[in-house]
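Colleague: What follows is a structure written as structure tokens; I'll ask about it next.
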């Protein structure tokens, strides 16, 4: 009796391992931040960190959905860029109402997502090749649209969603991000489409045998990712007040890092939006620390690369351990 | 007659597309089909040929290497530093090969022995290699001016395209490795049926590691030629190279998940990209449009090639 209880307790702790190890990473980084700057844990700094993480989190939600269903959407940075450019040009050069401009940008994002979905689900090109390839074409088009210029200085009303304060307390990007996170979480956990995403990701053959239209689910995942990337692009323009033809290229590595750090499995079918939010927070706090330490920008990508590999490595090692423990205890 | 027909059937469809493009471009400009322009074409396509051969090995083995551009850049930086230090050419070439080999070996260890997915590992190492190259050069290209070294990638007497000759030798070497060595054979086993290979006593992990290391070495050697041709080691030169190499491989008929394809086919993919790039200037497409158009054409070519291949499998 007591032996069984002990075993149960042990199992519980093994299942908690990934979450605990991630929490440790966050605590270490936060302690580091406090060590560097004593005002690190002030309410203002924390609220700023949340606001800075907003774009990363929104990109990450879409990325999480595609990773769970099929594989990464490496084009999300470029979709974000071209939708930001389109919204910016419509507002700035054609004086379109900003609501309509945002809607058009979201539609474009959805269309690009549909192209990705078609190539992956119906043609059968692996997602990391088709989306990686499409991003170069999309960056090319963003360059064509802007002709190499930088657009800046937008209407105050439009900038409110990225820069404003609601009742002078809550920063708008935080509110917008919270809504996106809630919707993404509900979509994955509470709707049939979300459950189908998990089913397709964990075992495509059995999903298709149990009557799920696998191709449609994969396409839908990429369409959703495209729309969210487009929204991140709009938020980027509103927040930064300027847009360039390569604005989104620096988001690719951080987004993937936050998704994998959040416990979404590389092989699909596992994970969730809340983990990604956590990962994005770690990434943003880490960037904040790097800024405070004035790490040269040349090393940023290298550090991110190391971080991604270590996270995924930890995940694989922990899983192998858990499997061997389970086999022994069974 | 039937024999001729069967030979024609073996030639990939993309080949006809390349020929068609050359014909169209030569109608558009009288200067296109001249000896001088062909030499320039060969020089431009040469480095991509070697990098794409490296990518072909990896893709046949069922893997992927998004860090080839990073390896090309980082090895190029090392090569330039070595040349400027006054080392003899043989040693410079060795340094290029060795740095490429080490980068590839790093990828290989993590992918093969730790069992991580190739795309995520190489995406991470891509960041690492670019970061190291940027930090080593302080974001400014390293100029190279050693006369002897520059002959490796220049035009001798304005006539002999040395970059192409060097790269073609490397390409022949890749074909040799693929057809006549154990590595070449085992790459197909890893991609086609690694479990069967393991049961028949092949050390799959080691050969997988060697595949990535070998691809890294080829890329490092390509970096020597690239630096010599451009006369500068630019820390930003490598972006998009890995994708063009992968694209050329897939357009050349190598399949990603059934251990099928070869280095010989890859040259057609390289030819397609090189002819397209040069032709866009000939038919006067503004340079601002060129990246977008190249991207679209590459994507369409991949879609076309993959859908043909999957139809063949169904048959």
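Chains as they are written, first to last, in the working numbering: chain C, 762 to 1091; chain E, 168 to 482.
By construction, the Cβ of each residue, glycine as well, lies at the ideal position given by its N, Cα and C atoms.
Rounded to whole angstroms, what's the CA-CA distance from residue 355 of chain E to residue 427 of chain E? Just pull it up for me.
Modeller: Working through the second chain from its first residue, we reach residue 355 of chain E at position 188. Working through the second chain from its first residue, we reach residue 427 of chain E at position 260. Roughly 7 Å separates the two Cα atoms.
Colleague: Leaving out five residues before and five after residue 762 of chain C in sequence, what residues of the same chain have Cβ atoms less than 8 Å from its Cβ?
Modeller: Here residue 762 of chain C corresponds to residue number 1 of the first chain, with the count starting at 1. Model confidence at residue 762 of chain C stands at a pLDDT of 49, short of 50, so the residue's coordinates are unreliable; what they give is reported in the following sentence. Same-chain partners within the cutoff: there are none.
Colleague: Chain E partners of residue 1062 of chain C, CB-CB under 7 Å?
Modeller: Position 301 of the first chain, counted from the first residue, corresponds to residue 1062 of chain C. Result: 294, 297, 298.
Colleague: Helix, strand or coil for residue 787 of chain C, going by three-state DSSP, please let me know.
Modeller: Taking the first chain and counting its residues from 1, the one referred to as residue 787 of chain C is at position 26. If DSSP states are grouped into helix, strand and coil, residue 787 of chain C belongs with the helices.
Colleague: In this structure, how does DSSP classify residue 284 of chain E when only helix, strand and coil are distinguished?
Modeller: Reading the second chain from its first residue, position 117 is the one you call residue 284 of chain E. DSSP places residue 284 of chain E in coil when its eight states are reduced to three.
Colleague: Residues of chain E with CB closer than 8 Å to the CB of residue 904 of chain C, please, in chain order.
Modeller: Taking the first chain and counting its residues from 1, the one referred to as residue 904 of chain C is at position 143. 455, 458, 459, listed in chain order.
Colleague: Nearest-angstrom Cα distance between residue 338 of chain E and residue 958 of chain C?
Modeller: Position 171 of the second chain holds residue 338 of chain E. Position 197 of the first chain holds residue 958 of chain C. Their backbone Cα atoms lie some 44 Å apart in a straight line.
Colleague: Please classify residue 467 of chain E as buried or exposed, where buried requires at least 16 neighbouring CB atoms within 10 angstroms.
Modeller: As a first step, residue 467 of chain E is located in the second chain; it is residue number 300 there, counting from the start. Label assigned to residue 467 of chain E: exposed.
Colleague: Report the residue from C:974, C:1023, C:887 whose alpha carbon sits nearest the alpha carbon of residue 231 of chain E.
Modeller: Here residue 231 of chain E is taken as the residue at index 64 of the second chain, counted from 1. It is C:887 whose Cα lies nearest to the Cα of residue 231 of chain E.
Colleague: With residue 271 of chain E and residue 381 of chain E assumed to form a contact (beta carbons below 8 Å), what rounded beta-carbon distance in angstroms separates them?
Modeller: For this step, residue 271 of chain E is matched to residue 104 along the second chain. For this step, residue 381 of chain E is matched to residue 214 along the second chain. Yes, residue 271 of chain E and residue 381 of chain E are in contact; Cβ-Cβ is about 7 Å, under 8 Å.
Colleague: Against residue 988 of chain C, what residues of chain E qualify as contacts under a CB-to-CB distance less than 9 Å, listed in chain order?
Modeller: Here residue 988 of chain C is taken as the residue at index 227 of the first chain, counted from 1. Neighbours of residue 988 of chain C on chain E: none; closest Cβ ~21 Å, over 9 Å.
Colleague: Do you know offhand how far residue 115 of chain E's Cα is from residue 364 of chain E's?
Modeller: Beyond the ends of chain E as shown, which are 168 and 482, falls residue 115 of chain E; an answer cannot be given.
Colleague: Quick check on the DSSP output: what are the complete alpha helix (DSSP H) runs of length 4 or more inside the stretch 247-325 of chain E, in order along the chain?
Modeller: Runs found: 256-275, 285-304, 314-317.
Colleague: Checking 7 Å against the spacing of the C-beta atoms, do residue 852 of chain C and residue 866 of chain C come in under that value?
Modeller: Looking up residue 852 of chain C in the first chain gives position 91. Looking up residue 866 of chain C in the first chain gives position 105. The answer is no: Cβ separation not under 7 Å.
Colleague: Tell me the rounded alpha-carbon separation between residue 1009 of chain C and residue 978 of chain C.
Modeller: Along the first chain, one-based indexing puts residue 1009 of chain C at 248. Along the first chain, one-based indexing puts residue 978 of chain C at 217. The straight-line gap from Cα to Cα measures roughly 26 Å.
Colleague: If residue 297 of chain E sits next to residue 1062 of chain C, beta carbons under 8 Å apart, how far is it from one beta carbon to the other, in whole angstroms?
Modeller: What you label residue 297 of chain E is simply residue 130 of the second chain in a count that begins at 1. What you label residue 1062 of chain C is simply residue 301 of the first chain in a count that begins at 1. Contact flag correct, Cβ pair sits at about 6 Å.
Colleague: Given that residue 414 of chain E touches chain C, what residues does it touch there, using C-beta distances under 7 Å?
Modeller: On the second chain, residue 414 of chain E is found 247 positions in, with the first residue counted as 1. Simply 894.
Colleague: Measuring CB atoms only, is the stretch 280-294 of chain E touching the stretch 420-434 of chain E, in the sense that at least three cross pairs come out at less than 8 Å?
Modeller: The stretch 280-294 of chain E is not in contact with the stretch 420-434 of chain E.
Colleague: Rounded to a whole number of angstroms, what is the C-alpha to C-alpha distance between residue 440 of chain E and residue 414 of chain E?
Modeller: Stepping through the second chain from its first residue, residue 440 of chain E is reached at position 273. Stepping through the second chain from its first residue, residue 414 of chain E is reached at position 247. If I take the Cα positions, the gap works out to 9 Å.
Colleague: Can you check whether the C-beta of residue 1079 of chain C is within less than 7 Å of a C-beta belonging to chain E?
Modeller: Within the first chain, numbered from 1, the residue matching residue 1079 of chain C stands at position 318. Chain E contact via Cβ: absent.
Colleague: Using a Cβ cut-off of 7 Å (strictly closer), state whether residue 400 of chain E contacts chain C.
Modeller: Within the second chain, numbered from 1, the residue matching residue 400 of chain E stands at position 233. No, because no Cβ of chain C sits closer than 7 Å to the Cβ of residue 400 of chain E.
Colleague: Count the C-beta pairs between the stretch 903-923 of chain C and the stretch 836-847 of chain C that are closer than 8 Å, then say yes if the count reaches three, no if not.
Modeller: Short answer: they touch.
Colleague: Between the alpha carbons of residue 235 of chain E and residue 378 of chain E, how many angstroms are there, rounded?
Modeller: The sequence position of residue 235 of chain E within the second chain is 68, counting from 1. The sequence position of residue 378 of chain E within the second chain is 211, counting from 1. Going by the C-alpha atoms only, they are around 13 Å apart.
Colleague: Is DSSP giving residue 502 of chain E helix, strand or coil here?
Modeller: As displayed, chain E neither begins before 168 nor continues past 482, which places residue 502 of chain E out of reach and without an answer.
Colleague: Find the residues of chain E that neighbour residue 1047 of chain C, judging by a C-beta separation of less than 8 Å, and give them in chain order.
Modeller: Within the first chain, numbered from 1, the residue matching residue 1047 of chain C stands at position 286. None at all; the shortest Cβ gap to chain E is about 14 Å.
Colleague: Less than 7 Å separating the beta-carbons of residue 395 of chain E and residue 322 of chain E?
Modeller: As a position in the second chain, residue 395 of chain E is number 228, starting the count at 1. As a position in the second chain, residue 322 of chain E is number 155, starting the count at 1. Their beta carbons are not under 7 Å apart, which means residue 395 of chain E does not touch residue 322 of chain E by this criterion.
Colleague: Counting only the same chain and skipping the five closest in sequence on each side, list residues whose C-beta sits under 7 Å from that of residue 1049 of chain C.
Modeller: In the first chain, residue 1049 of chain C corresponds to position 288, counting from 1. Cβ within range, chain order: 794, 810.
Colleague: Candidates C:950, C:997, C:860: which alpha carbon is nearest residue 1035 of chain C's?
Modeller: Here residue 1035 of chain C is taken as the residue at index 274 of the first chain, counted from 1. Of the candidates C:950, C:997, C:860, the one whose C-alpha sits nearest the C-alpha of residue 1035 of chain C is C:950.
Colleague: Residue 466 of chain E versus chain C: which residues are under 8 Å apart at the beta carbon?
Modeller: The residue given as residue 466 of chain E occupies position 299 in the second chain. Within 8 Å Cβ-Cβ: 880, 891, 894, 895, 898.
Colleague: Is the shortest distance between the beta-carbon of residue 284 of chain E and the beta-carbons of chain C less than 7 Å?
Modeller: Sequence index remark: in the second chain, residue 284 of chain E carries index 117 (1-based). By this cut-off, residue 284 of chain E is an interface position.
Colleague: Kindly list, in the order they appear in chain C, the residues whose Cβ is closer than 9 Å to that of residue 423 of chain E.
Modeller: Taking the first residue of the second chain as position 1, residue 423 of chain E is located at position 256. Simply 886, 887, 890.
Colleague: Kindly give me the distance between the Cβ atoms of residue 309 of chain E and residue 247 of chain E, rounded to whole angstroms, as I take these residues to be in contact under 8 Å.
Modeller: As a first step, residue 309 of chain E must be located in the second chain, where it is residue number 142. As a first step, residue 247 of chain E must be located in the second chain, where it is residue number 80. Contact flag correct, Cβ pair sits at about 4 Å.
Colleague: Would you kindly report the start and end of the unbroken alpha helix (DSSP H) that includes residue 833 of chain C?
Modeller: Position 72 of the first chain, counting from 1, holds the residue named residue 833 of chain C. Looking at the DSSP string, residue 833 of chain C is not in any alpha helix (DSSP H), and its letter there is neither H nor E.
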